[in-house]
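FYI, in my numbering the residues of the sequence shown are 360 to 609.
One structure below.
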Amino acid sequence: MRSVDRTGLVSGTGLVVAALTATLIALIFPIWSYADRSGTGLDSLNTQTVPTRFGPLSGLDREFVTKVRLAGLWELPAGQQAEERGTTKAVRTAGAHLVEGHTFLDARVRDVAARLGLDLPNQPNAQQRGWLATLETAHGTDYDRKFANLLRRAHGKVFAVVAQVRANTRNSLVRDLADDANTTVLDHIKVLEATGYVDFDALARDAATAAPPLTASPAPPGPTDSPGTPVPVTPSAAYPLPPAASRARS
């Protein structure tokens, strides 16, 4: 009677079990991978969205409202400065368009934020203060060039956000604000390009190497009181924000 090689038997059984386990994992993994689980874009949308009487308000909606306010807090004083320092009529005209447009948009965004119960910033962020500092120290043609390119680059980035919000928001107030922002930002892009100083090659390189957009949601709705008139911050000279526009919306 032959003896049985138990070591080989155990080894062979182990290989069979391992093969069956690998097969089972391969069958289960696709199902787990494509399941609607926590961490997907849809899950993030749902957790960052709050209800309002004007429709759901997403994290991107709140970020957009904040960005409109921030844009005015530095672009409006930059426009006032360009009206005074611009060495060409085209640069001074661009500055005037920035003042008019952001005066109007600031009144609009403060009204929207108050109706949605959102907090708004009252001074530019660190990067925007840096841009104002750059303009503050520039003079002559150098000022014209830096003004046109800094503002054109900033408006191009905002323009992309406006389009995304307008295409996807479910909130009627945000949708209307995006319409106004789209018209205003496009006007500013055109007058800045009309100065003749915009470096389009630099814009293309900047877009190609840009960091991914923000994904963190701003804070949820806050107080319902209307935010006060902003006080723009500049490195030296003060450029107070003019009174809110009172013209009727078309």
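Glycine included, every Cβ here is placed at the ideal spot set by N, Cα and C.
Everything numeric in this text was worked out from a predicted model, so none of it was measured.
Check                                                                                                      : Outcome
Residues near T554 by beta carbon distance below 6 Å, same chain, minus five either side                   : A449, V450, A453 and A507
N- and C-terminal bounds of the alpha helix (DSSP H) containing H461                                       : K448 to L475
L435 - DSSP class collapsed to helix/strand/coil                                                           : helix
Whether R525 touches P415 by CB criterion (7 Å)                                                            : no
Delimiting residues of the alpha helix (DSSP H) encompassing R512                                          : G499 to N527
For L416: DSSP bridge partner residues                                                                     : V409
Same chain only: Cβ atoms within 6 Å of T583, ignoring 5 sequence neighbours per side                      : Residue placement at T583 is poorly supported in this model, since its pLDDT is 49, which falls under 50; the coordinates still yield a value, given next. Excluding positions up to five away in sequence, the list reads G476.
Endpoints, the alpha helix (DSSP H) within which V557 is located                                           : Where V557 is concerned, there is no enclosing alpha helix (DSSP H), given that its DSSP letter is neither H nor E.
Cβ separation of L494 and P483, assumed to be a contact under 8 Å, to the nearest whole Å                  : The pair is not a contact, with the Cβ atoms about 12 Å apart (cut-off 8 Å).
Own chain residues within Cβ distance below 7 Å of R616, not counting five before or after                 : Because the chain spans 360 through 609 in this model, residue 616 falls outside it and cannot be assessed.
Backbone secondary structure at L551 - three-state DSSP                                                    : helix
Residue of A472, R534, H514 and L532 minimising C-alpha distance to K549                                   : H514
P480 - DSSP class collapsed to helix/strand/coil                                                           : coil
A563, buried or exposed, once every other Cβ within 10 Å from all chains shown has been counted against 16 : exposed
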